[in-house]
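**Student:** Got a structure for you, questions after.
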Amino acid sequence: MMSRSIRLMPVKVRNWAAPERPTTESPIIVAVIYLWVGEWIPAWGYMSLAFLVAAIGVVGLGWWVLKADRINRRSEAAPYEESAEH
């Protein structure tokens with residue numbers, strides 16, 4: 193009888209190549225991942241938008257200044273004077 197009960201017991205074999213990992217994650221790790229993903233992704237998006245707006249503003253301001261400079265130079269140009277030839 194004893195040999196039969198030993199035979200029916202499940203055998204548990206440990207795989208020493210891959211250590212066991214805990215089945216539950218630590219709440220600290222979840223919080224760190226949430227902060228990493230939850231903070232950096234929106235911050236990246238908002239900073240990209242801020243740089244885009246700044247770049248458009250710089251280009252627009254440069255265009256405005258060059259346009260006004262062109263208008264001013266045109267109005268300040270000396271009228272064409274013909275030299276008197278004798």
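Just remember that the numbering used here sits 192 ahead of the position in the sequence shown, which is counted from 1.
A virtual CB, placed ideally from N, CA and C, is assigned to each residue, including glycine.
Just so it is clear, the structure is predicted and the values come from calculations on it, not from any experiment.
1. Just to confirm the assignment, what range does the alpha helix (DSSP H) spanning S240 have?
2. Helix, strand or coil for M193, going by three-state DSSP, please let me know.
3. Going by beta carbon distance, what residues of the same chain come within less than 6 Å of E268, once the five residues before and after it are set aside?
4. Measuring straight from C-alpha to C-alpha, what distance separates A247 and W256?
5. Quick check: the Cα distance between W232 and I220, rounded to an integer number of angstroms?
**Tutor:** Let me lay it out:
1. 219–268
2. Low confidence applies here, because M193 scores a pLDDT of 48, under 50, leaving its location unreliable; read the following figure in that light. In this structure, M193 counts as coil in the three-state DSSP scheme.
3. none
4. 14 Å
5. 18 Å
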